Amino acid sequence: MFSIRNFSLALLMSLLAACGSSSGGPRNVEIDVSAILGGEPFACDRLFEGVGDSSATVDPIDLRLYVSEVELVQENGNAVSVDLTQDGEWQYQNVALLDFENGTGLCGQRGTPETNTTIRGTVPDGNYTALRFVMGVPETLNHIDAATAPSPLNKTALWWNWNMGYKFIRFDMEVFDGDAVSEFRVHIGSTMCEGDMAGEAICANPNRTQVDLVEWNGGRGSVLMDLDSIFVGTDVQTNLPDTPPGCMSRPDDGDCGPIFGRFGLPFMGSAASEQKVFFPN
Amino acid sequence: MMYWGFISSIRRSCSNNLLAGLLLLGALGCGGGSSSGGSQPPERPDPAPTPSGPTAWVWDLPPGFPVPRVPAGNPMTEEKFQLGRHLFYETKLSVTEDTSCSSCHDQSRAFTDGKPRAIGATGEVHPRNAQGLANIAYAPTLTWNNPNETSLANQLLTPLFGEDPVELGLSGLENLVFERLSDEELYQELFGAAFPDDVDPFTIENLAMAIEVFELALISGRSPYDRFIQDGDADALSEGAKRGMEHFFSENLDCTHCHGGANFASALNHEGNQSDRTPFENNGLYNIGGTGNYPADNQGLYEFSGRERDKGRMKPPSLRNICVTEPYMHDGSIATLEEVIDHYERGGTRTDSGPLAGDGRDSPNKSDFITGFLLSREGKADVVEFLCSLTDDEFLANPRFSDPFAPTSD
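Chain order of the listed sequences is A and B.
One rule links them: number in my numbering = place in the first sequence (from 1) + 472.
One rule links them: number in my numbering = place in the second sequence (from 1) + 56.
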């Protein structure tokens with residue numbers, strides 16, 4: 473794992489964007505996000521070993537997530553919002569879709585060839601040392617009419633209509649256990665929402681992960697999403713009876729307990745904590 | 057007798073809504089599309105309409121029925137109705153290409169499926185019983201337990217794209233679906249006629265709006281009961297049904313708190329009444345371990361509110377066509393109407409053993425309206441006979457609502 477992480481780090485350092493350094497006006501910022509599974513770079517159409525507490529072999533089906541409210545923090549603690557590039561495809565207002573699946577292998581079930589693993593925008597020129605963002609769709613956009621929503625909120629694979637919102641992350645995989653094959657899904661989004669969905673909806677469980685990366689490479693680093701860390705405390709080869717496969721955010725699905733904990737989310741009375749999935753890179 | 061008061065209230069709401077109906081028609085004549093809707097009579101066009109512009113919609117409502125509330129952004133047109141009808145029966149709208157909306161919503165069963173719990177395209181069993189679609193236009197909320205589902209165009213995205221459970225299984229497959237549809241001349245015509253202003257009419261929004269229009273049009277109110285009440289046809293009901301009607305509307309049985317009004321439902325939303333909210337009620341079907349719990353995948357309104365007292369609270373369905381929509385309850389756990397009446401007579405169902413054991417009659421969450429009653433065997437048979445007089449055979453066989461792809465029998 474250690475060597476792989478170093479490898480990943482090296483790979484990503486080479487991908488770092490050349491941020492503008494001109495004084496004064498806004499400068500471009502590109503934040504690469506990479507994902508590792510089984511200690512290796514995530515990819516579709518291949519097997520990964522050593523996943524979860526039972527060290528299972530898995531075959532990815534999907535990995536997509538929304539990030540929003542991206543901020544860079546200056547040395548003096550002041551945070552500025554990254555003004556996301558409105559590209560008409562991956563970013564809308566202050567939300568970006570990170571799409572790691574390329575439609576090959578099992579990812580072809582719902583996926584597409586296009587991928588996006590970079591957050592793009594501008595910030596005022598300055599000296600930034602830390603990065604903050606939220607995994608999730610902001611409340612103001614989470615309950616909009618999906619059928620007319622602009623990209624990237626128009627991907628039906630991330631719709632969660634019965635919950636009147638979006639899946640903030642969908643990370644699905646096939647899990648092998650001897651000859652047996654099962655599916656394990658991680659779908660996290662807001663639940664128990666009530667009220668006027670076109671106005672003031674209140675969700676008892678917002679389930680948005682706040683990410684604060686303080687040791688962030690002088691403001692020019694990238695982000696590592698450690699998928700293995702999601703499953704610390706989880707055996708992906710088992711699933712509680714009479715519950716959906718994996719964790720699909722049901723407030724009473726015990727399979728979600730450890731997973732929500734890794735995302736820093738409160739669950740079944742356990743308090744929120746610091747997330748342990750996203751790291752500076 | 058209580059039901060006479062009920063009838064006069066229907067008549068009042070009818071006259072009140074005449075004006076609303078005229079206003080609606082006026083609005084349709086003005087808006088609705090690029091070319092003028094004109095004032096053509098409401099023809100029943102061929103399945104493939106001519107691309108001559110939106111045809112003004114005229115409701116063909118049964119006597120006593122108010123004009124349904126139509127979403128402002130989606131005025132009714134014949135062209136959208138025809139597109140929606142085809143899409144409703146279209147198996148290309150499933151991951152397996154062998155399942156459609158109609159697979160769980162069969163016209164001959166008042167758009168239910170006869171199964172305890174619906175089964176999706178890939179074989180996943182839904183936690184709940186497929187609900188009928190008759191008069192869904194009048195329902196303020198749409199599904200068994202979701203208080204947020206107030207728009208058909210939004211609700212239908214769940215069976216199309218939902219994954220927990222998989223119903224039609226189209227999550228992530230929207231591009232493939234529109235490839236399938238746009239390849240067909242039939243859908244080029246139908247989408248083009250329904251949305252003549254759109255450069256590319258093949259969008260999820262348009263698909264959803266067309267199916268919504270079809271569903272809004274599924275009005276059922278020409279049963280023997282209606283002929284008896286509205287047309288004064290004394291012979292429309294049997295003597296047993298008439299006795300059953302007395303029981304049904306009596307304070308003893310107290311059915312109409314949850315199954316009242318023109319639609320025998322807990323709420324009636326229409327042009328003259330736009331704010332009605334559906335109450336959700338616990339009818340004492342379960343009380344697992346005496347805690348008020350329902351089975352974990354069927355906790356009712358609690359799923360959205362998280363309030364203990366909302367466990368087991370479901371939307372009381374309309375009783376129109378109830379005779380052909382067995383089995384009953386949100387989970388299809390009661391097979392016959394006779395047993396349903398037994399359940400309410402007892403004031404709840406007792407489960408003696410197994411993981412669901414408990415006495416629903418004693419549930420802390422049970423509705424105050426369900427207090428039990430005593431009714432003779434003959435009385436129950438009469439109530440069933442009355443409930444079966446709510447079956448609208450014309451609706452169940454109306455060719456307007458039928459499968460356009462079915463081989464014609466004539």
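For each residue, glycine too, the CB sits at the ideal point set by N, CA and C.
Predicted model, so just to flag it, every value in this text is computed and none were measured.
Within chain B, the residues whose beta carbon sits less than 8 angstroms from that of residue 665/A are 204 and 360, listed in sequence order.
Under the Cβ distance rule, residue 698/A does not count among the residues neighbouring chain B, no pair being separated by less than 8 angstroms. When Cβ-Cβ separations below 8 angstroms define contact, residue 229/B makes contact with chain A.
For residue 267/B, the enclosing alpha helix (DSSP H) covers residues 260-272.
In the DSSP assignment, residue 359/B falls within the unbroken alpha helix (DSSP H) covering 358-361. Taken in chain order, the complete alpha helix (DSSP H) segments of 4 residues or longer contained in the segment 219-250 of chain B are 230-238 and 241-250. Against chain B, the CB of residue 582/A has a partner CB under 8 angstroms away; the residue lies at that interface. Of all residues in the segment 259-288 of chain B, only 260, 261 and 264 place a beta-carbon less than 7 angstroms from a beta-carbon of chain A.
Under a 10 Å Cβ-count criterion, residue 321/B is classified as buried, with 16 or more other Cβ atoms of the shown protein chains found around its own Cβ.
Only residues of its own chain outside the window of five on either side were considered, and among them 635, 675, 676, 677, 679, 721, 722 and 723 have a CB closer than 8 angstroms to the CB of residue 663/A, listed in chain order.
Against chain B, the beta carbon of residue 631/A has neighbours under 8 angstroms at 213, 217 and 227, listed in chain order.
By the Cβ neighbour-count rule, residue 558/A is exposed, with fewer than 16 other Cβ atoms within 10 Å of its own. DSSP, reduced to helix, strand and coil, places residue 703/A outside both helices and strands of the structure shown, so it counts as coil. Taking a C-beta distance under 8 angstroms as the contact criterion, residue 406/B and residue 415/B qualify as a contact pair. Following the DSSP letters along the chain, one finds residue 593/A inside the beta strand (DSSP E) bounded by residues 590-596. Interface residue (Cβ-Cβ distance to chain B less than 8 angstroms): residue 634/A is classified as such. Per the Cβ contact rule, the segment 142-161 of chain B is in contact with the segment 230-249 of chain B (3 or more Cβ pairs under 8 angstroms).
Assignment of residue 665/A by DSSP, reduced to helix, strand and coil, places it in the strand class.
Each residue's CA atom was taken as its position, placing residue 160/B and residue 182/B some 11 angstroms apart.
For residue 223/B, the closest C-alpha among the options 198/B, 367/B, 299/B and 175/B is that of 175/B.
Cβ-Cβ distances below 8 angstroms link residue 206/B to 196, 197 and 198 in the same chain, with the five nearest sequence neighbours on each side left out; the list follows chain order. Secondary structure of residue 632/A (DSSP, three-state): strand. Nearest Cα to residue 589/A within the set 717/A, 603/A, 502/A and 708/A: 502/A. The three-state secondary structure of residue 730/A, taken from DSSP, is helix. Ranked by how close their Cα comes to the Cα of residue 751/A, the residues 642/A, 602/A and 598/A have 602/A in first place. Take residue 705/A, set aside five residues on each side of it, and the residues of its chain with a beta-carbon closer than 6 angstroms to its own are 730, in chain order. Within the segment 189-222 of chain B, no complete beta strand (DSSP E) segment of 3 residues or longer occurs. Excluding sequence positions up to five before and after residue 421/B, its CB lies within less than 6 angstroms of the CB of 338, 348, 365, 367 and 368, all in the same chain and listed in chain order.
Out of 358/B, 315/B and 413/B, the CA that lies nearest to the CA of residue 426/B is found in 315/B. By the C-beta criterion, the segment 375-387 of chain B is judged to be in contact with the segment 153-168 of chain B, since at least 3 inter-stretch pairs fall below 8 angstroms. For the segment 174-192 of chain B, the beta-carbon criterion of a distance under 7 angstroms to any beta-carbon of chain A is satisfied by none of its residues.
Contact between residue 460/B and residue 145/B holds, since their C-beta atoms are separated by about 6 angstroms, short of 8 angstroms.
Chain A has a Cβ within less than 8 angstroms of the Cβ of residue 352/B.
Closest by C-alpha distance to residue 133/B, out of 402/B, 429/B, 111/B and 153/B, is 111/B.
Residue 725/A is classed as buried because its beta carbon has at least 16 other beta carbons within 10 Å across all chains shown. Neighbours of residue 210/B across chain A, judged by C-beta separation under 9 angstroms: 617, 618, 619, 633, 636 and 669.
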